[in-house]
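The block underneath contains the structure these notes are about, expressed in structure tokens.
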Amino acid sequence: KSTNEDEALKKAELQLAASISCHCSISSIDHIGEIIQQYSKGSVLEKLKMHRTKCSRLISEVLSVELKNELRDDLEGKKYSILMDETTDISSEKKVCLCIKYFSEKHLCVEDQFLGLVSVTETTGEALFNAMQTLLHEFNLNLKDCVGFGTDGANNMTGENNSVWSRIKQTSPNCVKMQCVCHSLALCVKKAFEILPSHLGFLMTEILSWFKKSSERRGNFKKIFDTININEERQGVPLPFKKLSVTRWLVRGVVIYNILINWLELKTFFISEKKKNASQKARYRARIIAEMLEDDANRLYFVFLCPIVQEFERINAFFQLKNAEPEELLKELDLHHESLKRRLYSSDGKLLSLEDVDFGAHFTNEMKKYQESHENSLRVSLDLKRRCYDFLMKLLDEVKMRLPNNKSAFKGMRWLAPKTVLSQTDRLVFSELPLQHLMGNKNNIENQYRKIMLHIWKEEDIFKDGFPSNDSVSFWTGIKKI
Numbered sequence: 002k003s004t005n006e007d008e009a010l011k012k013a014e015l016q017l018a019a020s021i022s023c024h025c026s027i028s029s030i031d032h033i034g035e036i037i038q039q040y041s042k043g044s045v046l047e048k049l050k051m052h053r054t055k056c057s058r059l060i061s062e063v064l065s066v067e068l069k070n071e072l073r074d075d076l077e078g079k080k081y082s083i084l085m086d087e088t089t090d091i092s093s094e095k096k097v098c099l100c101i102k103y104f105s106e107k108h109l110c111v112e113d114q115f116l117g118l119v120s121v122t123e124t125t126g127e128a129l130f131n132a133m134q135t136l137l138h139e140f141n142l143n144l145k146d147c148v149g150f151g152t153d154g155a156n157n158m159t160g161e162n163n164s165v166w167s168r169i170k171q172t173s174p175n176c177v178k179m180q181c182v183c184h185s186l187a188l189c190v191k192k193a194f195e196i197l198p199s200h201l202g203f204l205m206t207e208i209l210s211w212f213k214k215s216s217e218r219r220g221n222f223k224k225i226f227d228t229i230n231i232n233e234e235r236q237g238v239p240l241p242f243k244k245l246s247v248t249r250w251l252v253r254g255v256v257i258y259n260i261l262i263n264w265l266e267l268k269t270f271f272i273s274e275k276k277k278n279a280s281q282k283a284r285y286r287a288r289i290i291a292e293m294l295e296d297d298a299n300r301l302y303f304v305f306l307c308p309i310v311q312e313f314e315r316i317n318a319f320f321q322l323k324n325a326e327p328e329e330l331l332k333e334l335d336l337h338h339e340s341l342k343r344r345l346y347s348s349d350g351k352l353l354s355l356e357d358v359d360f361g362a363h364f365t366n367e368m369k370k371y372q373e374s375h376e377n378s379l380r381v382s383l384d385l386k387r388r389c390y391d392f393l394m395k396l397l398d399e400v401k402m403r404l405p406n407n408k409s410a411f412k413g414m415r416w417l418a419p420k421t422v423l424s425q426t427d428r429l430v431f432s433e434l435p436l437q438h439l440m441g442n443k444n445n446i447e448n449q450y451r452k453i454m455l456h457i458w459k460e461e462d463i464f465k466d467g468f469p470s471n472d473s474v475s476f477w478t479g480i481k482k483i
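Numbering (my numbering) for the sequence shown: 2 to 483.
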């Protein structure tokens, strides 16, 4: 009995340590352990004695080791893709982070797993590659089985010479490089913003900074907001308090939109703020912001930018989907590039004049209103259009430069989609299927490919909750389970 109780207590301690590591700080166990022990009289947990030191040891020396062993066994002999990035921790120590994407035989699904962090003293391509190799060897992974490499666009990572990628290619020539499209799209917008007047960025950050830590200012703005919109259905409209961030890729468009739809309310608020009996610095800041908001030309910039940035962020969010079809993603990117190009060039490739450029219908209408309501507005309008034109041109150049240059690797992925593979007519012959280099026993695979369309898959229990006609991963995972 004592042995059984000891085993049960050990299991409870391990489960508690795992739960603590996932959901709260390790120091919490000092109090949680005592509470559990206090209210567990007569049970196994009455003997529980665990504080932060023991909890930390269980996590690092028992759970961590076992989880690594499980992952090592699951990865054995698998093809995989590497996701790699470098970072600096709070102690200013440089580290390389590696994650791995593979098909798990244990869970019968595509898994994304964290492999680990490796400390580095330098960030050359050679040093980063060696750090990666060290971690791969810990999991008995062969670089020849690497079929994909994802990272940012840094030269030490993806350069053609003396980079991590150039070394991977030497060992695994069929490996596919994929730079982070989400990061690239965010950089496109960031670079293009540098073309615009600097006070626009100042306005975006200063408005948010003004409200950041002041509940009183937020309350005063809300009063003005409710007064102006007393008879309108604008309850619940997002207030412009969201912080602009370099690393959060889906924020810039939200910030621009919130400022734009609250332009009148913000202008009224800051006009009143500059007259308040506040510090000289606060009054000066409020006056500068108010003057910018009173300038209708600045509002036109926001009208122009809002739909463009929102479209970039829509595509960015699309690329962050977990099970999106690769070919559909790249098709969306190509369409976006072509759409952007058509705003500046004619169908036969000639550069459009400033008057013929597609600045957007809303911007064009608001520009007409601006010209009608402001005397001598022609010069301002022309300068504004030129700035917007330069923004579009820079944006187009950045997108073109950052488009994936290995799109051919994903061409034809639609031929592996369920509705195509199971079609009696719209399917390729086996020899024309993509990714032939990843196939093992081609004779067996070819025989299975011939038969797959003859089976009634919808009647299988694995698909009883619905047939994944548009989800290749779920379909092929289901086939493997059968």
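Where is the CB? At the ideal position from N, CA and C, for every residue including glycine.
Can you give the Cα-Cα distance for residue i and residue j, rounded to whole angstroms?
i, j, result
"Phe325", "Glu35", "Sequence inspection shows Ala at residue 325; the Phe mentioned does not correspond to that position. Going from the Cα of Ala325 to the Cα of Glu35 covers about 47 angstroms."
"Glu274", "Ile257", "22 angstroms"
"Ala298", "His200", "12 angstroms"
"Asp427", "Thr421", "6 angstroms"
"Thr54", "Thr89", "27 angstroms"
"Cys198", "Phe411", "First, the amino acid is wrong: residue 198 is Pro here, not Cys. So the alpha carbons of these two residues sit roughly 39 angstroms apart."
"Leu109", "Asp86", "27 angstroms"
"Asp359", "Asp335", "19 angstroms"
"Asp74", "Arg344", "53 angstroms"
"Asn444", "Lys80", "20 angstroms"
"Leu434", "Gly441", "14 angstroms"
"Cys189", "Asn157", "20 angstroms"
"Lys170", "Glu333", "28 angstroms"
"Glu195", "Tyr390", "13 angstroms"
"Ser22", "Ser65", "11 angstroms"
"Gln38", "Gln437", "59 angstroms"
"Cys25", "Ile33", "11 angstroms"
"Trp1", "Leu385", "In the structure as shown, the chain starts at 2 and stops at 483, and residue 1 therefore has no counterpart that could be examined."
"Pro239", "Glu328", "Bear in mind that the predicted position of Pro239 carries a pLDDT of just 49, short of 50, making it unreliable; the figure below should be weighed with that in mind. Cα-Cα distance, rounded: 35 angstroms."
"Arg288", "Thr122", "48 angstroms"
"Ala187", "Gly202", "15 angstroms"
"Pro469", "His363", "40 angstroms"
Here's a check: name, in chain order, each residue in its chain whose Cβ is nearer than 7 angstroms to the Cβ of residue i, leaving out the five neighbours to either side.
i, result
"Val63", "Leu15"
"Glu94", "Ser120"
"Gly117", "Leu99 and Leu136"
"His338", "Val400, Lys401 and Leu404"
"Lys192", "Lys395 and Glu399"
"Ser105", "Asp75 and Glu112"
"Ser378", "Tyr371 and Gln372"
"Tyr346", "Leu352 and Leu353"
Only counting the same chain, and skipping five residues up and downstream in sequence, which positions put a Cβ closer than 8 angstroms to that of residue i?
i, result
"Ile463", "Gly479, Lys482 and Ile483"
"Ile260", "Leu204, Met205, Ile208, Pro241, Leu267 and Phe303"
"Gln321", "Cys183"
"Asp466", "none"
"Arg451", "Phe431"
Between the options, which lies nearest to residue i when the distance is taken from Cα to Cα?
i, options, result
"Lys342", "Val182, Glu295, Ser382 and Asp398", "Asp398"
"Val45", "Ser20, Arg388 and Ala13", "Ala13"
"Met454", "Leu439, Leu429, Gln425 and Phe431", "Gln425"
"Arg58", "Ala19, Gln39 and Asn70", "Ala19"
"Lys50", "Ile30, Lys69 and Leu68", "Ile30"
"Lys48", "His456, Asn263 and Ala9", "Ala9"
"Asn406", "Val182, Phe320 and Gln449", "Val182"
"Leu330", "Lys323, Cys56 and Phe319", "Phe319"
"Lys323", "Asp113, Thr4 and Ile60", "Asp113"
"Glu295", "Thr228, Phe270 and Arg451", "Phe270"
"Ile101", "Lys277, Phe115 and Val255", "Phe115"
"Leu393", "Arg284, Glu217, Phe222 and Leu306", "Leu306"
"Gln134", "Tyr103, Thr172 and Thr159", "Thr172"
"Gln449", "Lys459, Ser185 and Leu423", "Leu423"
"Ser354", "Leu383, Gly467, Ala362 and Ser280", "Leu383"
"Glu71", "Gly43, Ser61 and Lys107", "Lys107"
"Ser185", "Asp357, Ser210, Thr152 and Ser215", "Thr152"
Starting from the C-beta of residue i, find all residues in its chain whose C-beta is less than 6 angstroms away, skip the five residues before and the five after it, and write them out in chain order.
i, result
"Gly154", "Gln180"
"Phe140", "Arg73 and Leu76"
"Ile225", "Glu266, Thr269 and Phe270"
Within the 8 angstroms Cβ cut-off, does residue i reach chain D?
i, result
"Glu161", "As a matter of chain content, chain D is missing from the structure shown, which is built from one protein chain."
Is any heavy atom of the ligand FMN found at a distance shorter than 7 angstroms from the C-beta of residue i?
i, result
"Val66", "Ligands are entirely absent from the displayed structure, and the ligand FMN is therefore not among its contents."
Would you check if there are 3 or more beta carbon pairs closer than 8 angstroms linking the stretch 119-132 to the stretch 147-164? yes
Using 8 angstroms as the threshold, is the stretch 139-148 in touch with the stretch 171-187, meaning 3 or more CB pairs across them? yes
Measuring CB atoms only, is the stretch 464-475 touching the stretch 414-425, in the sense that at least three cross pairs come out at less than 8 angstroms? yes
Given 8 angstroms as the limit, is there contact between the stretch 363-376 and the stretch 313-324, that is, 3 or more CB pairs closer than that? Segment contact: the stretch 363-376 against the stretch 313-324, fewer than three CB-CB distances shorter than 8 angstroms; contact not assigned.
Unbroken beta strand (DSSP E) runs of length 3 or more, entirely within the stretch 42-125: which are they? Counting only runs of 3 or more, we get 81-89, 95-105 and 110-120.
Entirely within the stretch 373-459 and at least 4 residues each: give me those alpha helix (DSSP H) ranges in chain order. 379-403, 419-422 and 443-453
What are the start and end residues of each continuous beta strand (DSSP E) run of 3 or more residues lying completely inside the stretch 148-184, in chain order? 177-180
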